[in-house]
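J.: The structure is given below, and queries will be raised subsequently.
In my numbering, the protein residues as written are 7 to 278.
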């Protein structure tokens, strides 16, 4: 049984919701990025989304765009991102890791090579923001054939016909984007979210996770009641930015604020 399925089945038995945290690989640097990722599971995080930094992240808001810039400046690339996961897996073999990013760097790295290394180093799933299934079904097939889930994104504008098509062979979980537009710039409308989640549930038995626009414990609590889990990204990335000094350097003690925030969110959504 893969890590994603095992994690959600355990949470379901315990009647708890999943907490996913998004961070950009290499933000603010390799060492501190790795330390955060290693410590997240002990702070109530059930799965980790690791962003592959890209120079033109069109779906991301200002906070995550800046985190990509910091990571690229620190020398982060796909190879180093995978090595970060490799080190994480030496310490943790149970927490699901989802790589999130854009297709251009993967294409340049080599599709087959990328999939092979993801499997080798312990990646559980991919979210490729700008690659719908019909754009490169061979990539999706090759990944899922090797038990590397391709997480499908569903947005408020996804119609019923499209929904059925993209979720036909979906694995892992469904990622519901709670707002239209880029990350971290709007607050989701809970009534619209509830209505759309019901539509998604009619099409799939997979867990449904809500992301984009969740920035506070109150929002996290509210959204978690409508789905199987939530993802928080921009709010954590903003906390990372606050730890930086004038030279753009951070240290482990400052990064504790990020871990404290995840503990607070986890406590709120799992003990309500």
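Just so you know, even glycine gets a beta-carbon here, dropped at the ideal spot from N, CA and C. Quick caveat, the model's predicted, so the values are computed rather than measured.
Checking 7 Å against the spacing of the C-beta atoms, do residue 127 and residue 174 come in under that value?
T.: no
J.: Counting along the chain, where does the alpha helix (DSSP H) carrying residue 229 start and finish?
T.: 223-230
J.: So what does residue 55 bridge to, in DSSP terms?
T.: In DSSP, residue 55 forms a bridge with 28 and 104.
J.: Under 6 Å from any heavy atom of the ligand PLP, does the C-beta of residue 113 make it?
T.: No copy of the ligand PLP occurs in the structure displayed, which carries no ligand at all.
J.: Taking residue 243 as part of the alpha helix (DSSP H), name the residues at either end of that continuous run.
T.: 240-248
J.: Going by beta-carbon coordinates alone, are residue 129 and residue 103 separated by less than 7 Å?
T.: yes
J.: What are the boundary residues of the alpha helix (DSSP H) that residue 77 is part of?
T.: DSSP places residue 77 inside the alpha helix (DSSP H), whose first and last residues are 68-79.
J.: Rounded to the nearest angstrom, what separates residue 44 and residue 98 at their Cα positions?
T.: 8 Å
J.: Quick one: Cα of residue 188 to Cα of residue 146, how far?
T.: Residue confidence is low: residue 188 scores 48 on pLDDT, short of 50, so the model does not pin down where it sits. No coordinate-derived value is stated.
J.: Give the straight-line distance between the Cα atoms of residue 95 and residue 154, rounded to the nearest whole angstrom.
T.: The alpha-carbon atoms of residue 95 and residue 154 are separated by roughly 16 Å.
J.: Cutting at 8 Å between CB atoms, please list the residues of its own chain near residue 150, excluding the five before and the five after it.
T.: 156, 175 and 177
J.: According to DSSP, residue 199 sits in a beta bridge with which residue or residues?
T.: Answer is none; residue 199 lacks a bridge partner.
J.: In chain order, what residues of the same chain lie with their CB nearer than 7 Å to the CB of residue 38, ignoring the 5 residues before and after it?
T.: 256, 258 and 261
J.: Which residue wins for smallest C-alpha separation from residue 244, given the options 115, 20 and 30?
T.: 30
J.: Measuring CB atoms only, is the stretch 19-27 touching the stretch 194-211, in the sense that at least three cross pairs come out at less than 8 Å?
T.: no
J.: Could you compute how far the alpha carbon of residue 101 sits from the alpha carbon of residue 225?
T.: 24 Å
J.: Run through the DSSP bridge pairs and tell me what residue 113 is partnered with.
T.: DSSP output for residue 113 lists no bridge partner at all.
J.: Hey, out of 137, 162 and 163, whose CA is closest to residue 107's CA?
T.: 137
J.: Across which residues does DSSP place residue 146 in a beta bridge pair?
T.: Per DSSP, none; premise fails for residue 146.
J.: Mind checking residue 22: buried by the 16 CB within 10 Å criterion, or exposed?
T.: buried
J.: CA-CA distance, residue 236 and residue 58?
T.: 20 Å
J.: By alpha-carbon positions, which one of 217, 231 and 9 ends up nearest to residue 66?
T.: 217
J.: Closest to residue 56 by C-alpha separation, out of 242, 247 and 194, would be which residue?
T.: 242
J.: May I ask which residues mark the beginning and end of the beta strand (DSSP E) holding residue 134?
T.: 131-134
J.: Here's the rule I'm using: 16 or more other beta-carbon atoms within 10 Å means buried, otherwise exposed. How should residue 182 be labelled?
T.: buried
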